[in-house]
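The next block holds one structure in the form of structure tokens; read it before the comments.
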Amino acid sequence: MNPKTAIKGRGAQVNVHNRFFELSHEMRDDFLEFCRKEGEISDKNKTQYLEVFPKTIVNKVESPDIGMMYSMNSYQGCEHGCIYCYARNSHEYWGYSAGLDFERRIMVKKDAPKLLEAQLKKKSWKTHPIVMSGNTDCYQPAEKQFEITRQCLEVFLKYKHPVAIITKNALILRDLDLLKALTKDSLIGVNMSITSLSENTRRILEPRTTTIKKRLETVKILSENRIPVNVMLAPIIPSINSHEILPLAKAAEEHGALSIAHTIVRLNGAIGEIFKDWIHKTLPDRAEKVLHQIESCHGGRLNDSRYGTRMRGEGKIAEQINNLVKLARLKYFKNKAMPKLNLSLHEQYKDGQLRLF
């Protein structure tokens, strides 16, 4: 990618058309030339935080491929800018593009803690683990300012309710006090996403995420405090990080992780167009090779929406990847597993304190 024309600190380099809109917006060459001559900035590339007011915060997950029943997201959009992120498509429902808008227009749900508390207090609510970051990272840069995730963890602790977290940010260590308190009653599990051991790969795939070194240190610190950690090797992208499966698993185990999980990349919806634009600009020498190998995992397409195969793929390359992950589990995680979360306490604490009768 030409550093002079690249949009710095962003994964996507374009704003693709929103499929729900009749009209589209584009940055024309003549406008860019005008800005150059006038010495003006055509794109300020700033992140905007927009407050939104949802009526509920806990979502039922219908997909049988995902190991969760309920999720919640404190933020919509994610400044991490991971180029492969499946959540990009959800930004279109808010009227924005799945490309740059997803990274630069972050919707903030300040009422999330109150909405969560109301959900947990319902008589009809049956205790199930709720996953924070089912869609976008609850510890993305916005969390440093708004602290919504921390407030939600305080609610989970107050009501003794099980919660799982998916993140790729070392900011989670800010809340170590709450995580340790939740761990005492087996109410917390952490999933740390680590897709590469190479900083060069991380910078182009996930431009505003925590460094790999800090992520591994985070796994170690959490594990030393007896907080169970699973490392997500997700997604595996052929010819980008597929050769790192065994080294990644080894590093995860050495830093205290109890298990690993993986998916094979699939470029659903608008992500296919965003990814193709990105890879031709960023890795032009191997762009077609990578795209063809992704297609070979999904029946000749960049995406496969079929339950049961979409996350693991099919074909020779997918088979090789899945077998390597099996080998990694046998080699580094034999007789290890994430503990089950405690579902037995919440009913006694539905009013925020222990029920004696």
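In our numbering, the protein residues as written are -12 to 344.
Cβ atoms here follow ideal geometry from the backbone N, Cα and C, with glycine treated the same way.
For the pair Lys47 and Pro225, the Cα-to-Cα distance works out to about 32 Å. For Ala99, the enclosing alpha helix (DSSP H) has its first and last residue at Ala99 to Lys108. The Cβ atoms of Glu282 and Arg273 lie no closer than 8 Å to each other. DSSP links Tyr36 through a beta bridge to Ile93. When the Cα atoms are used, Thr154 and Tyr126 turn out to be separated by approximately 6 Å.
The C-beta separation of Val177 from Ile159 comes to about 7 Å, placing the pair in contact by the 8 Å criterion.
Within the DSSP secondary-structure output, Gly176 pairs in a beta bridge with Ala151. With distances taken between CA atoms, Asp124 lies nearest to Tyr62 out of Met298, Pro194, Tyr294 and Tyr62. Separation of Leu169 and Met179 (C-alpha to C-alpha, rounded to the nearest whole angstrom) is 17 Å. Collapsing the DSSP output to three states places Lys207 in a helix. By a beta-carbon distance limit of 8 Å, Ile261 contacts Arg75. Their separation comes to about 7 Å.
Taking the Cβ atoms as the reference, Ala99 lies roughly 5 Å from Ile44, within the contact range of under 8 Å. DSSP lists Val95 as the bridge partner or partners of Tyr62.
DSSP, read as helix, strand or coil, puts Ile117 in strand. Three or more pairs of CB atoms, one per stretch, sit closer than 8 Å, so the region 66 to 81 contacts the region 250 to 259. For Lys327, the secondary structure class from DSSP, reduced to helix, strand or coil, is coil. A Cβ-Cβ separation of about 18 Å leaves Glu141 out of contact with Val95 under the 8 Å criterion. By the neighbour-count criterion, in which 16 or more other beta carbons inside 10 Å mark a residue as buried, Lys200 falls on the exposed side. Straight through space, the alpha carbons of Thr250 and Met219 are spaced by roughly 8 Å. In the DSSP assignment, Ile223 is bridged to Ile251.
Nearest to Val206 by alpha-carbon distance, out of Gln280, Ile227, Leu163 and Ala239, is Ala239. Burial check for Thr198: the Cβ neighbour count within 10 Å stays below 16, so the residue is exposed. The Cβ atoms of Leu330 and Pro215 lie no closer than 8 Å to each other. For the pair Met119 and Cys139, the Cα-to-Cα distance works out to about 9 Å. Cβ neighbours of Pro326 within its own chain (closer than 7 Å, five residues either side excluded): Ser173 and Pro215.
In this structure, Trp81 is the residue among Phe89, Trp81, Ala85 and Tyr57 with its C-alpha nearest to the C-alpha of Phe40.
Asn187 carries a helical assignment under DSSP once its states are collapsed to helix, strand and coil. Going by C-alpha positions, Met56 is about 16 Å away from Ser111. Spanning the alpha carbons of Leu163 and Ala236 requires a straight line of approximately 24 Å.
Taking the Cα positions, Ser210 is about 7 Å away from Ala244. In the structure shown, the three-state DSSP call for Lys276 is helix.
By the neighbour-count criterion, in which a residue is buried when 16 or more other Cβ atoms sit within 10 angstroms of its Cβ, Glu241 is exposed. Excluding residues up to 5 positions away in sequence, Ile93, Val95 and Ala129 lie with their Cβ nearer than 7 Å to the Cβ of Tyr36 in the same chain.
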